[in-house]
Amino acid sequence: MNVSINGLHKAFENRVRLGIMSALAVNEKLDFNALKEFLDVTDGNLASHIKNLEKAEFIVVEKTFIDKKPNTKYSMTAAGKKAFEDHLNVLEQIIKSQK
Amino acid sequence: MNKEQDHINNIAEIRSMMERSSKFLSLSGLAGVMAGIYALAGAYFAYSAFGFSPDQIHYSVPELNSIILIAVSVLVLAIGTAVILSARNAKGKEEKAWNTTSRRLLVNVSVPLFTGGILILMLLSNGLTGLAAPFTLIFYGLTLYNAGSFTFNDVKSLGLIQIVLGLLGAYFIEYSLVCWALGFGVAHIVYGLYIHFRYER
Numbered sequence: 855m856n857v858s859i860n861g862l863h864k865a866f867e868n869r870v871r872l873g874i875m876s877a878l879a880v881n882e883k884l885d886f887n888a889l890k891e892f893l894d895v896t897d898g899n900l901a902s903h904i905k906n907l908e909k910a911e912f913i914v915v916e917k918t919f920i921d922k923k924p925n926t927k928y929s930m931t932a933a934g935k936k937a938f939e940d941h942l943n944v945l946e947q948i949i950k951s952q953k
Numbered sequence: 365m366n367k368e369q370d371h372i373n374n375i376a377e378i379r380s381m382m383e384r385s386s387k388f389l390s391l392s393g394l395a396g397v398m399a400g401i402y403a404l405a406g407a408y409f410a411y412s413a414f415g416f417s418p419d420q421i422h423y424s425v426p427e428l429n430s431i432i433l434i435a436v437s438v439l440v441l442a443i444g445t446a447v448i449l450s451a452r453n454a455k456g457k458e459e460k461a462w463n464t465t466s467r468r469l470l471v472n473v474s475v476p477l478f479t480g481g482i483l484i485l486m487l488l489s490n491g492l493t494g495l496a497a498p499f500t501l502i503f504y505g506l507t508l509y510n511a512g513s514f515t516f517n518d519v520k521s522l523g524l525i526q527i528v529l530g531l532l533g534a535y536f537i538e539y540s541l542v543c544w545a546l547g548f549g550v551a552h553i554v555y556g557l558y559i560h561f562r563y564e565r
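Just so you know, the sequences run in chain order A and B. For reference, each letter of the first sequence is one residue, going 855 to 953 in our numbering. For reference, each letter of the second sequence is one residue, going 365 to 565 in our numbering.
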């Protein structure tokens with residue numbers, strides 16, 4: 855249900871979600887503001903895509919406090935990493951097969 | 365809709381995001397050129413005005429404080445120029461200069477740089493003045509090599525050049541100031557121009 859016919863994961867069809875996963879693939883942890891800056895999106899938009907990925911259990915949220923201010927950090931789960939790698943492999947296959 | 369083009373765009377976007385989120389790519393090449401010019405001026409000034417030309421490890425010069433002042437001025441000017449020009453670069457790309465990537469670059473640069481700085485002050489206070497120039501090259505080279513993982517990869521090879529010049533200078537102390545001028549001056553200018561023409565235009 856989550857995977858479309860060609861093997862590409864539905865969660866990665868969106869540009870913002872793909873961007874979040876790409877950034878978290880090379881960064882152990884990133885906070886909300888860092889993601890927002892990299893992706894150039896609004897707070898609400900980013901929050902909804904994060905929630906979506908969280909629901910799919912591709913990313914986890916870690917809430918801490920720095921000087922009594924909430925600091926939320928996101929990181930990729932093992933499942934998220936695998937799904938992302940599979941997605942890259944499928945993209946590679948598709949491009950290769952069409953050449 | 366062209367599906368294949370979509371996939372290629374997707375991959376390009378993934379690559380770009382991975383790079384943008386892990387490396388600080390607004391580092392200014394022109395700042396490298398300026399740093400090289402400051403360094404050459406500083407080396408010339410130390411040599412001509414204060415007769416600084418160490419020929420052995422134990423070397424004393426009457427105006428050591430003035431020479432340290434020149435070295436610190438070169439450092440402050442170079443860092444200041446790098447910060448200002450890189451911030452301008454980042455602004456041009458509509459990115460914040462102070463973000464996750466620049467912070468990470470700075471933290472990773474600080475550790476070898478401060479270690480070297482403190483060690484060199486200790487050497488100077490013990491009269492081992494001849495080692496100061498080669499040691500700044502070696503520690504600066506290690507710093508750049510480390511920094512290459514957090515900004516343009518090319519910075520790594522500049523680091524290796526500085527390390528080689530530093531080692532040569534440490535062995536042939538009489539050429540240490542020449543090595544220093546080559547490393548901090550000439551190599552900076554050449555690399556700065558390379559970075560500028562490759563990435564900033």
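Using N, Cα and C, we set each Cβ at its ideal position, and we do this for glycine too.
DSSP, reduced to helix, strand and coil, places N925 (chain A) within a strand of the structure shown.
No Cβ-Cβ contact shorter than 9 Å links N899 (chain A) with T464 (chain B).
I948 (chain A) belongs to the set of residues whose beta carbon lies under 9 Å from a beta carbon in chain B. Here K905 (chain A) carries a helix assignment [DSSP, helix/strand/coil]. Flagged as an interface residue toward chain B: F892 (chain A), by a C-beta distance shorter than 9 Å. Sequence-ordered contacts of the stretch 485 to 512 of chain B with chain A are nonexistent [C-beta pairs closer than 8 Å].
In chain order, V519, K520, L522, G523 and Q526 place their CB closer than 8 Å to the CB of L508 (chain B), counting only its own chain and leaving out the 5 sequence neighbours on each side. The C-beta of I375 (chain B) comes closer than 9 Å to at least one C-beta of chain A. Here M381 (chain B) is not near S902 (chain A), since their CB atoms are 9 Å or more apart.
Remark: C-beta atoms of L531 (chain B) and A551 (chain B) do not approach each other more closely than 9 Å.
Residue state for H422 (chain B) is assigned as coil, using DSSP reduced to three classes.
Nearest CB-CB separation between V880 (chain A) and chain B: below the 9 Å threshold. The beta carbons of Y928 (chain A) and L889 (chain A) sit closer together than 9 Å. F892 (chain A): not part of any beta strand (DSSP E); member of the alpha helix (DSSP H) spanning F886 to L893, first to last residue.
Within chain B, M381, M382, R384, S385 and S386 have C-beta atoms less than 9 Å from the C-beta of A877 (chain A), given in sequence order. Proximity to A545 (chain B) across B:I372, B:F416 and B:R379 peaks at B:F416, based on C-alpha coordinates. Among the residues facing chain B, L942 (chain A) is included, as its CB has a counterpart in that chain under 9 Å away. In this structure, DSSP gives F416 (chain B) a state outside helix and strand, which the three-state scheme calls coil. The stretch 442 to 461 of chain B and the stretch 477 to 497 of chain B do not touch, with fewer than 3 CB-CB distances between them shorter than 8 Å.
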